[in-house]
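Visitor:
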Amino acid sequence: MHRSAILVAITVLLSACGSDASGDQAEAPGEYAIDAETGEASMTIETENGSSTVRSGENVPVELPAGFSVYPGAAVINNTSFKDAETHGSMLVMETKDSPEEVAAFYRKQAEEAGIPIEFEMDADGAQILGGKDGTGRTITLNATPESEITMAQLLVGFDPAMAGD
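Numbered per our numbering, the sequence shown spans residues 12 to 177.
#1: For Arg119 and Met105, I'd like the C-alpha separation in whole angstroms.
#2: From Glu51, Ala96 and Tyr43, pick the residue whose C-alpha is nearest to that of Gly61; which is it?
#3: For the 8 angstroms Cβ check, are there 3 or more pairs between the region 110-130 and the region 153-161?
#4: Quick one: what's got a C-beta closer than 7 angstroms to Asn70's C-beta in the same chain, skipping five residues either side?
#5: Buried or exposed, going by whether 16 or more other CB atoms sit within 10 Å of the CB of Ile88?
#6: Here's the rule: buried if 16 or more other CB atoms are within 10 angstroms of the residue's CB, otherwise exposed. What is Lys94?
#7: In chain order, which alpha helix (DSSP H) runs of at least 4 residues are fully inside the region 51-135?
#8: Kindly indicate the opening and closing residues of the beta strand (DSSP E) around Thr147.
#9: Can you tell which of Leu167, Ser110 and Gly142 has its C-alpha closest to the C-alpha of Glu123?
#10: Between Gly41 and Gln139, what straight-line distance do the alpha-carbon atoms span, to the nearest angstrom?
#11: Once you ignore the five residues that flank Phe131 on each side, which residues in its own chain have a CB closer than 7 angstroms to its CB?
#12: In whole angstroms, what is the alpha-carbon distance linking Ser80 and Val65?
#13: Can you tell me where the beta strand (DSSP E) holding Ala2 begins and where it ends?
#14: Just mark Met133 as buried or exposed, buried being the case when its beta carbon has 16 or more other beta carbons within 10 Å.
#15: What residues match up with Thr156 in a beta bridge as DSSP calls it?
#16: Count the other C-beta atoms from every protein chain shown that fall within 10 angstroms of the C-beta of Gly84, then say buried if there are 16 or more, exposed otherwise.
Below, the structure is given as structure tokens:
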């Protein structure tokens, strides 16, 4: 139930990014708002199991589990963070001048050092895609795609709140 609510909220928030309206263009459960100054979109959903929150924007603080970090030198274009009592996570969109292979190697190493085995990897026309999960439910998915002279990287990391880094 939590994950379904979070996925609905992320979809609504991502579709609202870039909009200057607040709350009235999408019928979404819970409280929904876009900060006119920062462009940050936020949503809180109340379920029978408690509250779930989602925040999305360029300046949303990045909260990753211990052992994970923003790619060195990358610019964070957007961060969507989600949390409830059982799960926290971030979906970062970053750009870097490094190659997709370098970005994938960095996150493969971080995942393996954190004890998350990589379960799939793919090279698709220069894009590097990888993903994995461990027995506790921690997950990582990366899509690093070459675009002209930069690499766009989308990183999704989900984890138990007790595993948040500093």
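Even for Gly, the Cβ is constructed at its ideal location relative to N, Cα and C. Keep in mind the model is a prediction, meaning the values are calculated, not measured.
Guide: For this structure:
#1: 16 angstroms
#2: Ala96
#3: The region 110-130 vs the region 153-161: in contact.
#4: Thr49 and Glu51
#5: exposed
#6: buried
#7: 111-124
#8: Counting along the chain, Thr147 falls outside any beta strand (DSSP E), and DSSP gives it neither H nor E.
#9: Looking at the Cα atoms, Gly142 is the closest of the given residues.
#10: 36 angstroms
#11: Leu141 and Gly142
#12: 20 angstroms
#13: For the chain, the structure presents residues 12 to 177; residue 2 sits outside this window and is missing.
#14: exposed
#15: Met163
#16: exposed
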